[in-house]
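A.B. asks: My questions all concern the structure below.
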Amino acid sequence: MPTVYVNDQPVELKPDERLNCIQAAQKAGVEIPHYCWHPSLSVVASCRMCLVEVGDKKPDGTVAMVPKVVPGCQTPVKDGTVIVTNSPKVQAAQRGTLEYLLLNHPLDCPVCDQAGECGLQDFSFKYGRAYSRLAEPKNQKKDKPYIGDQITLFTDRCIMCTRCVRFTREISGTAELQVVSRGSGEEIDIFPGKPCNNKLAGNVVDLCPVGALCSKDFLYEQRVWWLKGKNSVCAGCSTGCSIRVDQNKDVVYRLKPRSNPLAQGEFMCDEGRFGWKYIHSEHRLKFPMQKLPAGITPVSWPQILPALRQALTEAAKRAPEKLAVVLTPFMTVEEAYLLCKYLKSLSPAARLLMTPAPVVGADDSYPKDLRGQAAPQPKFTIRAEKAPNRAGVELVLHHFGGTVESLDSILAQVSQGTLEAVYLTAGSPEGWITDEQAKSLAKAKLVIVQDLLDSPALPWATFVLPGTSWAERDGTFVNHAGLAQAIHRGLRSPGDAWPDGRICFELAGRTGIFHAPTIRQEIAGEIPALAALIVGDLGDEGIFLKSAGETASAADSETQVPVTGGSRS
Amino acid sequence: MAEELTPISNDDVVWMEEPEMGFWESTFLPAIFSGLKNSLRHVTDFKPVTQQYPEEKPDLPLNYRGVHRLNRDDKGRVKCVACMMCSTACPARCIDIVAEEAPKDDPLWADRDKRPKSFVIDELKCIYCGMCEEACPVDSIELTHIYDLTGLTRQEMKFNKEKLLEVFDQTKDNPRDPIRTHRGILGPASDFTSLPQVGPATQIPQGDKASEPVSTDVIKQG
Ligand code: SF4
Ligand code: SF4
Ligand code: SF4
Ligand code: SF4
Ligand code: FES
Chain A
64 MPTVYVNDQP VELKPDERLN CIQAAQKAGV EIPHYCWHPS LSVVASCRMC
114 LVEVGDKKPD GTVAMVPKVV PGCQTPVKDG TVIVTNSPKV QAAQRGTLEY
164 LLLNHPLDCP VCDQAGECGL QDFSFKYGRA YSRLAEPKNQ KKDKPYIGDQ
214 ITLFTDRCIM CTRCVRFTRE ISGTAELQVV SRGSGEEIDI FPGKPCNNKL
264 AGNVVDLCPV GALCSKDFLY EQRVWWLKGK NSVCAGCSTG CSIRVDQNKD
314 VVYRLKPRSN PLAQGEFMCD EGRFGWKYIH SEHRLKFPMQ KLPAGITPVS
364 WPQILPALRQ ALTEAAKRAP EKLAVVLTPF MTVEEAYLLC KYLKSLSPAA
414 RLLMTPAPVV GADDSYPKDL RGQAAPQPKF TIRAEKAPNR AGVELVLHHF
464 GGTVESLDSI LAQVSQGTLE AVYLTAGSPE GWITDEQAKS LAKAKLVIVQ
514 DLLDSPALPW ATFVLPGTSW AERDGTFVNH AGLAQAIHRG LRSPGDAWPD
564 GRICFELAGR TGIFHAPTIR QEIAGEIPAL AALIVGDLGD EGIFLKSAGE
614 TASAADSETQ VPVTGGSRS
Chain B
-14 MAEELTPISN DDVVWMEEPE MGFWESTFLP AIFSGLKNSL RHVTDFKPVT
36 QQYPEEKPDL PLNYRGVHRL NRDDKGRVKC VACMMCSTAC PARCIDIVAE
86 EAPKDDPLWA DRDKRPKSFV IDELKCIYCG MCEEACPVDS IELTHIYDLT
136 GLTRQEMKFN KEKLLEVFDQ TKDNPRDPIR THRGILGPAS DFTSLPQVGP
186 ATQIPQGDKA SEPVSTDVIK QG
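If you read the sequences in order, they're chains A and B.
All residue numbers for the first sequence refer to my numbering, where the first residue is 64 and numbers rise by one.
All residue numbers for the second sequence refer to my numbering, where the first residue is -14 and numbers rise by one.
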């Protein structure tokens, strides 16, 4: 077992583990400050923040140190490597590096969006010195407000770590960013007329360790220390990127990708990153509504639930084969399970249907080569299937003997009278039904719509149940590869809308509080395909429903190699 | 055990007895007369102590903390850079700021990045502690000497940016509320006109060459 010594602390490595000093120290819980190194990008060792002393422990116990400090990001460790991160020599090097990085830095932290999560602030505080010897005026470079539609550059705050440049070359492959000029005149820039607008562009803002590259969408919206984050999963496509929802006072301000080697790696796409605005749409349904003789009226939950239960029971008694629940790939596994189970308890003959996930274009893989073709070994894929949980809902559906049918075919059955009572769950941020399609609902005796946004189906509905977006609920999403990840409630819903899980839970007449991990365990006991959920708490990274070997064979031919690595910092 | 718990040793403890009362003292007459004397002194004192407010204004100490103002810089713009340090520091959570990007194409604002779009202080919630003043990196928010704040509605007591700037215009010529600094572009780092040898509150390790003064006359000022 190879052993590395970090500040006298032995760290055991796995035999095939290839780490650099920063990663080895991380294993020992020791931080080596760094800027330019990132686990998903190539090593350039240009910022010099990670300087450490390195040596070699000989079999006879003597240690031979390298006579000067070396960059830890570029120095691989092997059995017997000794890393010293806190000697006076290293501390002097860190102070010196930070003084250089700050020479021309404007230190306008009060107006800088990065303040509070800035690498320069943190490391200056921990490793720097609190004064500068520069007597000349600072070299001030002009800001570049248009790096891309979503990106602005505060040129003078840049520390030239080139993470952003390497990202566009190595991960997106689009290479819009570059370094121009030399020495202290160095700047990040785009080619004239070629802005950084690729579909992964937003990631350069996350990668930038300082406040140089900023997101126009988030610019000056909030100070970061006011944001409260909850781990969740992006609902944009079936890749299921691990993300964090940052909100303050029930308003979402941004999504940030989390590192998850099992899902997407370190990044997320811009469609997902900026595609959450419907959460605060003015068309959100805020109150449950019921069609009464006087017309459709807002009512309270304690009123609507018994009425709804009664209507469903009657429908199940009258003609169970004409009663159907239509599931959607936007719901969580728990909601699908609760609803299916409830319906089957009303009548085993009731039908379970599901609308297919919307597919837009084809899978889009990165990095791109010169001609815009995806590389054979993709590092990031934006999937064409624009729903987060088709796989999970289908597993539940098939267990209860349901089928996937298109909305048109379901509506045709309603028109023909083979379906009389339909419970439609929607939750799609795009419109899911047109005015024309909605007219076929006129024939139905009972229409229940559980949705997030206003839609043409509402005028025909007998009951309208206001659900919530994915950011406001707890549950499980299963991505394209069968990875089950937990989503968490990050904010409260507007008005009297309830998280869909709670609606299904209380509709089913269960007592207590909807608690996703408990339901998950219940599901695991009932549905063999979801047996892996028995752990209840899925952790930050989620778990594969099938073991690794099975997934590899079951997964489609596309072999995604997620960009993996340690924690982002 | 008990010994360990007692912080002082028994040798250090002195037991005191209550002094015994004499004959006169136990009649309580001396105490009654001394009380009467005190009352008589006040009855015969005709010097007034009441302050005739509002005809007469009180003389407040110079560090009195009253209504806020938002200072203007030398170009008449609001100095505030919308950093929200004050609302972060405020223990009463009564400052609400919405920031916006300064209009880059307006020559007046060309050198500024960020400015407040709205700036509202709830003067009723405020506890006048002065934390906001302490936190401000550009000396924009300050507490003035205005103490007689009245209003007919709660809404009226929420001061917005315009009103706070008005308070500045009203008080800036009052010697009690002088314009204290001209710092206004940004934090101290970008604003040094002379270089302090070391930052304040910094401990310099012995023999750190970096803390020695730079040789003078190397750089031409101007
Ligand atoms: S990049 Fe960091 S150190 Fe620089 S101004 Fe922004 S917050 Fe301050
Ligand atoms: S803009 Fe940010 S990420 Fe790019 S080189 Fe500068 S500091 Fe690094
Ligand atoms: S004086 Fe104190 S309570 Fe009042 S606004 Fe300032 S920080 Fe808040
Ligand atoms: S601390 Fe000063 S500059 Fe910052 S928001 Fe408050 S008043 Fe404005
Ligand atoms: S030189 Fe190692 S992180 Fe930059």
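Backbone N, C-alpha and C fix where the C-beta goes; we use that ideal spot for every residue, glycine too.
It should be emphasised that the depicted structure is a prediction, and the values quoted were computed from it without experimental measurement.
Can you name the residues of chain A whose CB is closer than 7 Å to the CB of residue -1 of chain B?
C.D. replies: Looking up residue -1 of chain B in the second sequence gives position 14. Simply none; closest approach about 52 Å.
A.B. asks: If you check the beta carbons only, do residue 267 of chain A and residue 259 of chain A fall under 8 Å apart?
C.D. replies: Numbered from 1 along the first sequence, position 204 holds the residue referred to as residue 267 of chain A. Numbered from 1 along the first sequence, position 196 holds the residue referred to as residue 259 of chain A. The answer is yes: Cβ separation under 8 Å.
A.B. asks: Under 8 Å, Cβ to Cβ, is there at least one residue of chain B near residue 232 of chain A?
C.D. replies: Taking the first sequence and counting its residues from 1, the one referred to as residue 232 of chain A is at position 169. No, no contact with chain B.
A.B. asks: I need the straight-line Cα distance from residue 138 of chain B to residue 107 of chain B, nearest angstrom please.
C.D. replies: Numbered from its first residue, the second sequence carries residue 138 of chain B at position 153. Numbered from its first residue, the second sequence carries residue 107 of chain B at position 122. Going from the Cα of residue 138 of chain B to the Cα of residue 107 of chain B covers about 12 Å.
A.B. asks: Spell out whether any CB of chain B is found under 8 Å from the CB atom of residue 406 of chain A.
C.D. replies: On the first sequence, residue 406 of chain A is found 343 positions in, with the first residue counted as 1. Residue 406 of chain A does not count as touching chain B.
A.B. asks: Could you compute how far the alpha carbon of residue 216 of chain A sits from the alpha carbon of residue 126 of chain A?
C.D. replies: Taking the first residue of the first sequence as position 1, residue 216 of chain A is located at position 153. Taking the first residue of the first sequence as position 1, residue 126 of chain A is located at position 63. Each residue's Cα considered, the two are about 46 Å apart.
A.B. asks: Going by C-alpha distance, which of A/467, A/160, A/112 and A/474 is nearest residue 421 of chain A?
C.D. replies: The residue labelled residue 421 of chain A in the question sits at position 358 within the first sequence. When only C-alpha atoms are compared, the closest one is A/467.
A.B. asks: Does the distance between the C-beta of residue 116 of chain B and the nearest non-hydrogen atom of ligand 6 fall short of 7 Å?
C.D. replies: For ligand 6, the structure offers nothing, since it holds only ligand 1, ligand 2, ligand 3, ligand 4 and ligand 5.
A.B. asks: Whose C-alpha, out of A/476, A/173, A/350 and A/494, is nearest the C-alpha of residue 560 of chain A?
C.D. replies: If you number the first sequence from 1, residue 560 of chain A lands on position 497. Nearest C-alpha to residue 560 of chain A: A/350.
A.B. asks: If you measure from the beta carbon of residue 68 of chain B to each beta carbon in chain A, is any gap under 8 Å?
C.D. replies: Along the second sequence, one-based indexing puts residue 68 of chain B at 83. Interface residue, yes.
A.B. asks: Would you check if the distance between the CB atom of residue 104 of chain A and the CB atom of residue 186 of chain A is smaller than 8 Å?
C.D. replies: As a first step, residue 104 of chain A must be located in the first sequence, where it is residue number 41. As a first step, residue 186 of chain A must be located in the first sequence, where it is residue number 123. No, these two residues do not count as a Cβ contact at 8 Å.
A.B. asks: Heavy atom of ligand 1 less than 7 Å from the Cβ of residue 168 of chain A, yes or no?
C.D. replies: As a position in the first sequence, residue 168 of chain A is number 105, starting the count at 1. Result yes, Cβ under 7 Å from ligand 1.
A.B. asks: Please determine if the stretch 401 to 421 of chain A and the stretch 456 to 465 of chain A are in contact, where contact requires at least 3 C-beta pairs separated by less than 8 Å.
C.D. replies: yes
A.B. asks: Does the beta carbon of residue 89 of chain B come closer than 8 Å to any beta carbon on chain A?
C.D. replies: Residue numbering aside, residue 89 of chain B sits at position 104 when the second sequence is read from its first letter. Output row for residue 89 of chain B: interface = yes.
A.B. asks: Please tell me whether residue 626 of chain A has its Cβ less than 8 Å away from any Cβ of chain B.
C.D. replies: Position 563 of the first sequence, counted from the start, is the residue given in the question as residue 626 of chain A. At residue 626 of chain A, the pLDDT of 47 sits below 50, so the modelled position is not reliable; the number obtained from the coordinates is stated separately. Judged by the 8 Å Cβ criterion, residue 626 of chain A is not in contact with chain B.
A.B. asks: Using a cut-off of 9 Å between C-beta atoms, extract the partners of residue 557 of chain A located in chain B.
C.D. replies: Within the first sequence, residue 557 of chain A is the residue found at index 494, counting from 1. Per Cβ cutoff of 9 Å: no residues; residue 557 of chain A is ~20 Å from chain B at best.
A.B. asks: CB-CB under 7 Å to residue 206 of chain A, same chain, minus the five flanking residues each way: which ones, in chain order?
C.D. replies: Reading the first sequence from its first residue, position 143 is the one you call residue 206 of chain A. Closer than 7 Å at the Cβ level, and outside the excluded window around residue 206 of chain A, lie 216, 217 and 218.
A.B. asks: Which residue marks the beginning of the alpha helix (DSSP H) containing residue 311 of chain A, and which one marks its end?
C.D. replies: Within the first sequence, numbered from 1, the residue matching residue 311 of chain A stands at position 248. It is not in any alpha helix (DSSP H) - residue 311 of chain A instead sits in the beta strand (DSSP E) that spans 305 to 311.
A.B. asks: Counting only C-beta atoms, is residue 85 of chain B closer than 8 Å to chain A at any point?
C.D. replies: Taking the second sequence and counting its residues from 1, the one referred to as residue 85 of chain B is at position 100. With 8 Å as the cut-off, residue 85 of chain B counts as an interface residue toward chain A.
A.B. asks: Taking just the CA atoms, how far does residue 81 of chain A sit from residue 132 of chain A?
C.D. replies: To locate residue 132 of chain A, count along the first sequence from 1; it is residue 69. To locate residue 81 of chain A, count along the first sequence from 1; it is residue 18. If I take the Cα positions, the gap works out to 21 Å.
A.B. asks: Determine the burial state of residue 636 of chain A: buried for a count of at least 16 other Cβ atoms within 10 Å of its Cβ, exposed for fewer.
C.D. replies: As shown, chain A starts at 64 and ends at 632. That puts residue 636 of chain A outside it, with no answer to give.
A.B. asks: Counting only beta-carbon atoms, is residue 317 of chain A nearer than 8 Å to chain B?
C.D. replies: Here residue 317 of chain A refers to the residue found at position 254 when the first sequence is read from its first residue. Output row for residue 317 of chain A: interface = no.
A.B. asks: Please work out which residues of its chain come closer than 7 Å, Cβ to Cβ, to residue 85 of chain A, disregarding the five sequence neighbours upstream and downstream, and give them in chain order.
C.D. replies: The count along the first sequence starts at 1 and reaches residue 85 of chain A at position 22. The answer, listed in chain order, is 95, 97, 100, 113, 135 and 136.
A.B. asks: Compare the C-beta of residue 369 of chain A against all C-beta atoms of chain B and say whether one is closer than 8 Å.
C.D. replies: Walking along the first sequence from the start, residue 369 of chain A turns up at place 306. Residue 369 of chain A is outside the set of residues whose beta carbon lies under 8 Å from a beta carbon in chain B.
A.B. asks: For residue 3 of chain B, I'd like the list of residues in its chain whose CB is within less than 6 Å of its CB, leaving aside the five on either flank, ordered along the chain.
C.D. replies: Translated into positions along the second sequence, residue 3 of chain B becomes position 18. The answer is none, since no qualifying residue turns up.
A.B. asks: Give the list of continuous beta strand (DSSP E) stretches no shorter than 3 residues that lie fully inside the stretch 283 to 361 of chain A.
C.D. replies: 291 to 296, 305 to 311, 314 to 320, 352 to 355 and 358 to 361
A.B. asks: In three-state DSSP terms, what is residue 522 of chain A?
C.D. replies: Residue mapping note: residue 522 of chain A aligns to position 459 of the first sequence, counting from 1. DSSP places residue 522 of chain A in helix when its eight states are reduced to three.
A.B. asks: Name the one or two DSSP bridge partners that residue 277 of chain A has.
C.D. replies: Here residue 277 of chain A refers to the residue found at position 214 of the first sequence. BP columns for residue 277 of chain A point to A/215.
A.B. asks: Sorry if obvious, but does the Cβ on residue 171 of chain A come closer than 7 Å to a heavy atom of ligand 1?
C.D. replies: Numbered from its first residue, the first sequence carries residue 171 of chain A at position 108. At least one heavy atom of ligand 1 is nearer than 7 Å to the Cβ of residue 171 of chain A, so yes.
A.B. asks: Using 7 Å as the cut-off, classify the Cβ of residue 79 of chain B as near or not near the heavy atoms of ligand 4, replying yes or no.
C.D. replies: Sequence index remark: in the second sequence, residue 79 of chain B carries index 94 (1-based). No; taking the cut-off as 7 Å, the Cβ of residue 79 of chain B has no heavy atom of ligand 4 nearer than that.
A.B. asks: Tell me the start and end of each unbroken beta strand (DSSP E) in the stretch 81 to 167 of chain B that is at least 3 residues and wholly inside, in chain order.
C.D. replies: 99 to 107 and 126 to 128
A.B. asks: Below 9 Å between beta carbons is the criterion; list the residues of the stretch 253 to 277 of chain A that meet it against any residue of chain B, in chain order.
C.D. replies: Residues: none.
A.B. asks: Taking buried to mean at least 16 other C-beta atoms within 10 Å of its own C-beta, is residue 172 of chain A buried or exposed?
C.D. replies: The residue you call residue 172 of chain A lines up with position 109 of the first sequence. Residue 172 of chain A comes out buried.
A.B. asks: Where residue 7 of chain B and residue 32 of chain B are concerned, what is the direct C-alpha to C-alpha distance, given to the nearest angstrom?
C.D. replies: On the second sequence, position 22 is the one that residue 7 of chain B refers to. On the second sequence, position 47 is the one that residue 32 of chain B refers to. Their backbone Cα atoms lie some 39 Å apart in a straight line.
A.B. asks: Less than 6 Å between C-beta atoms, sequence neighbours within five positions excluded: which residues of the same chain meet that for residue 341 of chain A?
C.D. replies: If you number the first sequence from 1, residue 341 of chain A lands on position 278. In chain order, 492 place their CB closer than 6 Å to the CB of residue 341 of chain A, counting only its own chain and leaving out the 5 sequence neighbours on each side.
A.B. asks: Could you compute how far the alpha carbon of residue 623 of chain A sits from the alpha carbon of residue 320 of chain A?
C.D. replies: On the first sequence, position 560 is the one that residue 623 of chain A refers to. On the first sequence, position 257 is the one that residue 320 of chain A refers to. Here residue 623 of chain A scores only 44 on pLDDT, less than 50, and its place in the model is too uncertain to base an answer on.
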